[in-house]
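When you line the sequence shown up against mature numbering (1 follows the signal peptide of the UniProt record, and there is no 0), it's residues -32 to -1, 1 to 143, in that order. Here a beta-carbon is modelled for each residue, glycine too, at the ideal position from N, C-alpha and C. Quantities reported herein were computed from a predicted structural model and do not represent experimental measurements. A quick write-up on the structure given underneath.
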Amino acid sequence: MTCNTPHVFKRPILTTIVTLSLSVAGAFSALAQVPDAIAAPGETQIAKLHAEGAQVYECKVDASGKLTWTFREPIATLMADGKTVGRHYVGPNWEYSDGSAVVGKVTGNAPGTTAKDIPWLRLEAASHRGSGMLSGVTTVQRINTVGGTLGGTCSGAGTLQSEPYSADYVFLRKG
C-alpha cells in the first residue's frame, strides 16, 4: 500500500517546526542578554539559581506624610533543576545548602520587563559565611524577574503585604 499524502501537508509541519525552533532560540537568546547597568565584565559564572517567593512590603509613612507600601525584605526558595538548594532573605542574603552564604550590596539596576516586575539588579558581595559554592562569589545578578512590585497607598502603618515574584540569580566571581 502506498501513501498518497500530498506534499502540501508535509511543508506546513516542517515550516512550523523550524519557526518554533527559531522562536525558542530567540527567547533563550533574549534571556541571556544582560543590560549594561548590571553587567559584570570579566567575571565568570559559578551558578544560576531560580528563585520563587515573595517581596514583603510594610505600610509606612513617607516623606509627604502619606501611608505607602515600602519594601521590607525578600523571602524566596532557591532552586536548581527543580530541587530546593537554598534560600534568599533579608540582607540581602543567599544561603546555599552546603552552608555557604553571601550578603550583597546593590551597585546597579535596570527596569524589569513590565511595570509589575521588580528591577534587575547587580549586587557586589559585601560579606561571606561558610565555605562552599557561594564563598568565592564577588557579584550577584538578579535577572528575568516576574512580579514582586507593590505600589500605592495603604491604610494601616505597620501592616505587611507580600507580593509573589520569581527571578533568576546569577552568581559570579572575578577571574
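1. Would you call L46 buried or exposed, if buried means 16 or more other Cβ atoms sit within 10 Å of its Cβ?
2. Give the range of the beta strand (DSSP E) segment to which M47 is assigned.
3. Have a look at G124 and G116 and give me their C-alpha separation to the nearest angstrom.
4. Along the chain, which unbroken stretches of the beta strand (DSSP E) at least 3 residues long are found entirely within the region 59 to 118?
5. Is it buried or exposed, P9, if we count other Cβ atoms within 10 angstroms and call 16 or more buried?
6. Is it true that the region 51 to 64 meets the region 99 to 109, where meeting means three or more beta-carbon pairs spaced less than 8 Å apart?
7. Between M101, E11, L118 and E92, which lies nearest to C27 when the distance is taken from Cα to Cα?
8. Rounded to whole angstroms, what's the CA-CA distance from L(-11) to R90? Just pull it up for me.
9. Starting from G136, trace the beta strand (DSSP E) both ways and give me its first and last residue.
10. Between E41 and V58, which are expected to be in contact by the criterion C-beta below 8 Å, what is the C-beta distance as a whole number of angstroms?
11. Beta-carbon within less than 8 Å of L35's beta-carbon, same chain only, minus the 5 sequence neighbours each way: which residues are those?
12. Please classify S68: is it buried, with 16 or more other beta-carbons within 10 angstroms of its beta-carbon, or exposed?
13. Check each candidate in S134, A31 and S103 and name the one with the smallest Cα separation from D66.
14. Between G80 and P87, is the Cβ-Cβ spacing less than 8 Å?
15. For Q13, does the count of other Cβ atoms within 10 angstroms reach 16, so buried, or fall short, so exposed?
16. Output the distance between the C-alpha atoms of G21 and Q129, rounded to the nearest integer angstrom.
In short:
1. The sequence position of residue 46 within the sequence shown is 78, counting from 1. Burial call: buried.
2. Numbered from its first residue, the sequence shown carries residue 47 at position 79. L35 to A48 is the extent of the beta strand (DSSP E) around M47.
3. Position 156 of the sequence shown holds residue 124. Position 148 of the sequence shown holds residue 116. Their Cα atoms are separated by approximately 21 Å.
4. Listed in chain order, the beta strand (DSSP E) runs fully inside the region 59 to 118 are 61 to 64, 69 to 78, 88 to 97 and 107 to 115, counting runs of at least 3 residues.
5. One-based indexing of the sequence shown puts residue 9 at position 41. The C-beta of P9 has fewer than 16 other C-beta atoms within 10 Å across all chains shown, which makes the residue exposed.
6. Pairwise C-beta distances place the region 51 to 64 in contact with the region 99 to 109, as three or more of them are shorter than 8 Å.
7. One-based indexing of the sequence shown puts residue 27 at position 59. Cα-wise, what sits closest to C27 is L118.
8. Working through the sequence shown from its first residue, we reach residue -11 at position 22. Working through the sequence shown from its first residue, we reach residue 90 at position 122. Because the pLDDT at L(-11) is just 38, under 50, the model does not fix this residue reliably, and the value given afterwards should be weighed accordingly. The C-alpha of L(-11) lies about 30 Å from the C-alpha of R90.
9. Position 168 of the sequence shown, counted from the start, is the residue given in the question as residue 136. Sequence inspection shows Asp at residue 136; the Gly mentioned does not correspond to that position. Element bounds for D136: L128 to K142.
10. Taking the sequence shown and counting its residues from 1, the one referred to as residue 41 is at position 73. Taking the sequence shown and counting its residues from 1, the one referred to as residue 58 is at position 90. Sure, about 4 Å apart at Cβ, within 8 Å.
11. As a working mapping, residue 35 is identified with position 67 in the sequence shown. Cβ neighbours of L35 beyond the five flanking positions: C27, K28, V29, T121, C122, S123, G124 and A125.
12. To locate residue 68, count along the sequence shown from 1; it is residue 100. Classification of S68: buried, given that the 10 Å Cβ count is 16 or more.
13. Within the sequence shown, the letter at position 98 stands for residue 66. Of S134, A31 and S103, the residue nearest in Cα terms is S103.
14. Position 112 of the sequence shown holds residue 80. Position 119 of the sequence shown holds residue 87. Result yes, Cβ atoms of G80 and P87 sit closer than 8 Å.
15. Looking up residue 13 in the sequence shown gives position 45. Exposure of Q13 is indicated by the presence of fewer than 16 other C-beta atoms within 10 angstroms of its C-beta.
16. Looking up residue 21 in the sequence shown gives position 53. Looking up residue 129 in the sequence shown gives position 161. For the pair G21 and Q129, the Cα-to-Cα distance works out to about 13 Å.
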